[in-house]
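Protein sequence lines correspond, in order, to chains L and R.
Letter by letter, the first sequence follows residues 933 to 1188 of my numbering.
Letter by letter, the second sequence follows residues 5 to 328 of my numbering.
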Amino acid sequence: MNIVACVKQVPDTEALIKVKPDGSGIDEGGIKWVMSPYDEFGVEEALKTKEKFGGEVTIVSVGPARTMETIRTALAMGAEKAIHIDDPALYNADAYATASALAAAIKDIPHDIIFCGMRAIDDDSGQVGSVLAELLGLPQVTVITKLDIEGQTAKAIKPIEGAQLLIETSLPCVITAQKGLNEPRYASLPGIMKAKKKPVEVKNAGDLGLAVDQKSAVAKMSPPPARPPGKIIQGDDPAAKAAEVIRLLREEAKVI
Amino acid sequence: MAKGVWIVAEHRDGALRKISFEIASTARKLADELGDEVCAVLLGSGVEGMAPELAKYGVDKVFVAEDAALEPYTTDAYAAAVAKAVKENDPAILLLGASVQGKDLSSRLVGKLATGMASDCTDVKIDGGKLLATRPMYAGKAFGDVVVSGSPQMASLRPNVFPAVENGKAGEVVKFDAGLDAGALKTKVLEVQKDASGKIDLTEADIIVSGGRGMKGPEGYGVLEELASLLGGTVGASRAAVDAGWRPQSDQVGQTGKVVSPNLYIACGISGAIQHLAGMSSSKYIVAINKDPDAPIFARADYGVVEDLFKVVPELTAAAKKIL
Ligand SMILES: Cc1cc2nc3c(=O)[nH]c(=O)nc-3n(C[C@H](O)[C@H](O)[C@H](O)COP(=O)(O)OP(=O)(O)OC[C@H]3O[C@@H](n4cnc5c(N)ncnc54)[C@H](O)[C@@H]3O)c2cc1C
Ligand SMILES: Nc1ncnc2c1ncn2[C@@H]1O[C@H](COP(=O)(O)O)[C@@H](O)[C@H]1O
């Protein structure tokens, strides 16, 4: 089976995010870059699929030079090869432009199933997997917690509000992963050593025959609005403190 | 020229969902600023009867397509039907809910309509005749003002953030043919497994009582269930509690769980790790109960109680019983 996993490099979840004073973006100084957590679930599922059916996992990632480190992590987890799309026109690109770049790279390689994360935790947009599916003319099942493949059929569990759906689709398809799908493996030491020798093709938009077309942009970024300082309810008696909280929720916040 | 503010209505089990009223009311507000009309797309089988209720929230025209292939929701059938209506009518703005279904559909439409979208927005307005959408990024550590240069300008709205406002107008129903070729559809819902508990989903709850590692074990959640049911709320959890197997994955709030926006979030025995805050910091009011006065959750809380939660939570229930 030919399996593709799309991964994005993002700031670590612990990172302090500082917005540049002019609101043009974030200050990237001091940030530790990692694979977006939902992409770890995608890569893990790609590897499990390969282990079950045989074949190869190709990693595809759009990002600047530093992205290579995240690509190597995915290779160290067990993927065979990678395509790194590095073009300044695609840095901080919107979902449509990013998915167009991924589609341009993936359409030229055999693909039976494509894994993405449900959302990249930097822009939090949650769009790229579906846009990619549309651009490749493939069905999608998004935000899933279970996947079973049998022949040319994929069955997936998708939690919705108050229920779960069992959805069936045909391969090739795009799957987006959420927590609960699996437990991502760590890269082993031999895996890390082997990853250094695995092939990574680096391409720019021109190589892919792509004219970058952005359909949206972040005009301005700002830090979150400050929250007014809270009240700590003082006292020794739990019952009295509880009563005061209930009073405040009723009379001041008016939420109960 | 592209004109009008459009929404895609969401319904389940024969009824419109609350998010539909939230997006309809928001569309009304934007359309009034533009001097435009609000149109809704309502898709399914036997759904026309829901149109008057949508109209009550400010929709001028409801475009209804009835087709057996549109029930239940699948990405391919819905995306094809909405794209057809959009291409025929050329709206300026298209709003959906950032619900599970809305996220799936809206992102597919971004591809199909070759446009841009601001997803999971917490504010939208008109600025210079264009949509200006504000959305949390980096798990709420920054906010971005997004402009869409593609057409239509799309945004999905975070559930529970935008008010639903009735205005009692009567809208017009326009029937259209979704033009679906059922044989070409590639996804199928085989089964709907309902959550037997009938629990309100966290993303739709007005009140959430959430417990973390401080609950000590699954049995600890009894006191939270009691308080939540009295307040008409629902119980959530931190990742520590979910990973320990005390609560199901669907209860997890945070960066790798659900993003919630209730009116009231009560965090019990939760330290307030940055990944937890990522999921609940857009709550309107936050109460923290923790025995550690230095727990980071207190920096985000409106009201904090430094105390053993097993002493305080039952007293909250008792105090609430007196007034409710
Ligand atoms: C990539 C990544 C993604 C993550 N995603 C999420 C996510 O989506 N959601 C999430 O929640 N976490 C997430 N985490 C984990 C997060 O970092 C924390 O580990 C987790 O939130 C801690 O859960 P907790 O607050 O329940 O436990 P702890 O941090 O152990 O805190 C327990 C708290 O309970 C208090 N306590 C103990 N006993 C009592 C008592 N009797 N009465 C009152 N207080 C008491 C303690 O003082 C302490 O503050 C993620 C981490 C990573 C690296
Ligand atoms: N720059 C990128 N390179 C590779 N994959 C990406 C990129 N951006 C997004 N993706 C994929 O699309 C998913 C959703 O991203 P987003 O729509 O940005 O939230 C991610 O989890 C990745 O799998």
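Glycine included, every Cβ here is placed at the ideal spot set by N, Cα and C.
Where residue i and residue j are concerned, what is the direct C-alpha to C-alpha distance, given to the nearest angstrom?
i: ASP306 of chain R; j: ALA1174 of chain L; result: 14 Å
i: TYR1028 of chain L; j: LEU98 of chain R; result: 16 Å
i: GLU977 of chain L; j: VAL1063 of chain L; result: 20 Å
i: GLN1096 of chain L; j: ALA245 of chain R; result: 21 Å
i: THR1101 of chain L; j: GLY183 of chain R; result: 21 Å
i: GLY283 of chain R; j: PRO297 of chain R; result: 22 Å
i: GLU1001 of chain L; j: SER123 of chain R; result: 28 Å
i: ASP1054 of chain L; j: ASP1026 of chain L; result: 12 Å
i: ASN1126 of chain L; j: GLY987 of chain L; result: In the sequence under discussion, the amino acid at residue 1126 of chain L is Lys, which differs from the Asn named in the question. Their Cα atoms are separated by approximately 18 Å.
i: LYS1130 of chain L; j: PRO1122 of chain L; result: 13 Å
i: LEU1007 of chain L; j: ILE1124 of chain L; result: 8 Å
i: ASP312 of chain R; j: PRO1161 of chain L; result: 22 Å
i: ALA1011 of chain L; j: PHE973 of chain L; result: 13 Å
i: PHE166 of chain R; j: ASN267 of chain R; result: 12 Å
i: THR981 of chain L; j: ASN1114 of chain L; result: 12 Å
i: PHE985 of chain L; j: CYS1105 of chain L; result: 16 Å
i: TRP10 of chain R; j: ASP64 of chain R; result: 10 Å
i: LYS952 of chain L; j: LEU135 of chain R; result: 24 Å
i: LEU1022 of chain L; j: GLU319 of chain R; result: 55 Å
i: GLN259 of chain R; j: ILE211 of chain R; result: 19 Å
Find out if the Cβ-Cβ distance for the pair residue i, residue j is shorter than 8 Å.
i: ASP1019 of chain L; j: ASN934 of chain L; result: no
i: ASP149 of chain R; j: ALA1151 of chain L; result: yes
i: LYS33 of chain R; j: ALA168 of chain R; result: no
i: ILE270 of chain R; j: VAL291 of chain R; result: yes
i: GLY106 of chain R; j: GLU75 of chain R; result: no
i: LYS1078 of chain L; j: ALA118 of chain R; result: no
i: GLY961 of chain L; j: ASN1024 of chain L; result: no
i: GLY115 of chain R; j: ALA1031 of chain L; result: yes
i: GLY1047 of chain L; j: ALA937 of chain L; result: Correcting the residue identity first, residue 1047 of chain L is Phe in this sequence and not Gly. Yes, these two residues count as a Cβ contact at 8 Å.
i: PRO300 of chain R; j: SER275 of chain R; result: yes
i: ASP199 of chain R; j: GLY1094 of chain L; result: yes
i: ASP94 of chain R; j: LYS7 of chain R; result: yes
i: ALA1109 of chain L; j: MET1050 of chain L; result: yes
i: ALA143 of chain R; j: ASP1056 of chain L; result: yes
i: CYS43 of chain R; j: PHE25 of chain R; result: no
i: VAL128 of chain R; j: THR207 of chain R; result: no
i: PRO1071 of chain L; j: LYS190 of chain R; result: yes
i: ALA28 of chain R; j: GLY62 of chain R; result: yes
i: ILE1165 of chain L; j: GLY216 of chain R; result: no
i: THR999 of chain L; j: PRO969 of chain L; result: no
By the DSSP assignment, the beta strand (DSSP E) with residue i in it spans what residues?
i: THR119 of chain R; result: Premise fails: THR119 of chain R is in no beta strand (DSSP E) and is neither H nor E.
i: LYS1135 of chain L; result: 1132-1135
i: LEU1064 of chain L; result: Element bounds for LEU1064 of chain L: not the beta strand (DSSP E) but the alpha helix (DSSP H), 1060-1068.
i: PRO943 of chain L; result: 941-943
i: ALA1014 of chain L; result: 1013-1017
i: VAL239 of chain R; result: 238-241
i: ILE212 of chain R; result: 211-215
i: PRO1046 of chain L; result: According to the sequence displayed, residue 1046 of chain L carries Ile and not Pro. Note, ILE1046 of chain L: beta strand (DSSP E), 1045-1049.
Which partner residues of residue i appear in the DSSP bridge assignment?
i: PRO953 of chain L; result: PRO953 of chain L pairs with nothing; no bridge assigned.
i: GLN197 of chain R; result: L:GLN1096
i: ASP1040 of chain L; result: None; ASP1040 of chain L has no bridge partner.
i: PHE147 of chain R; result: L:SER1154 and R:PRO140
i: PHE1 of chain R; result: Nothing can be reported for residue 1 of chain R, as the shown portion of chain R is limited to 5 through 328.
i: ARG16 of chain R; result: R:ALA19
i: MET158 of chain R; result: R:LEU98 and R:MET121
i: GLN1072 of chain L; result: L:VAL1106
i: LEU135 of chain R; result: R:ILE130
i: GLU988 of chain L; result: L:ASN934
i: LYS1163 of chain L; result: R:TYR307
i: ILE204 of chain R; result: For ILE204 of chain R, which the question treats as bridged, DSSP gives no partner whatsoever.
i: SER1148 of chain L; result: R:VAL152
i: LYS1186 of chain L; result: For LYS1186 of chain L, which the question treats as bridged, DSSP gives no partner whatsoever.
Over the uninterrupted alpha helix (DSSP H) stretch that includes residue i, give me the two end residues.
i: ILE1170 of chain L; result: Note on residue identity: the sequence assigns Pro, not Ile, to residue 1170 of chain L. From DSSP, the alpha helix (DSSP H) with PRO1170 of chain L extends over 1170-1183.
i: ARG1004 of chain L; result: 999-1009
i: GLY1122 of chain L; result: One point to set straight first is that residue 1122 of chain L is Pro, not Gly, in the sequence displayed. Its alpha helix (DSSP H) spans residues 1121-1127.
i: GLU1082 of chain L; result: Where GLU1082 of chain L is concerned, there is no enclosing alpha helix (DSSP H), although the beta strand (DSSP E) it sits in stretches over 1078-1082.
i: THR381 of chain R; result: A question about residue 381 of chain R goes unanswered here, because the residues of chain R that appear run from 5 up to 328.
i: PHE973 of chain L; result: 969-985
i: VAL227 of chain R; result: 225-235
i: ALA947 of chain L; result: Per DSSP, ALA947 of chain L belongs to no alpha helix (DSSP H) and is neither H nor E.
i: ALA55 of chain R; result: 55-59
request  = Entirely within the stretch 247-320 of chain R and at least 3 residues each: give me those beta strand (DSSP E) ranges in chain order.
outcome  = Fully enclosed beta strand (DSSP E) runs of 3 or longer: 268-272, 289-294 and 307-310.
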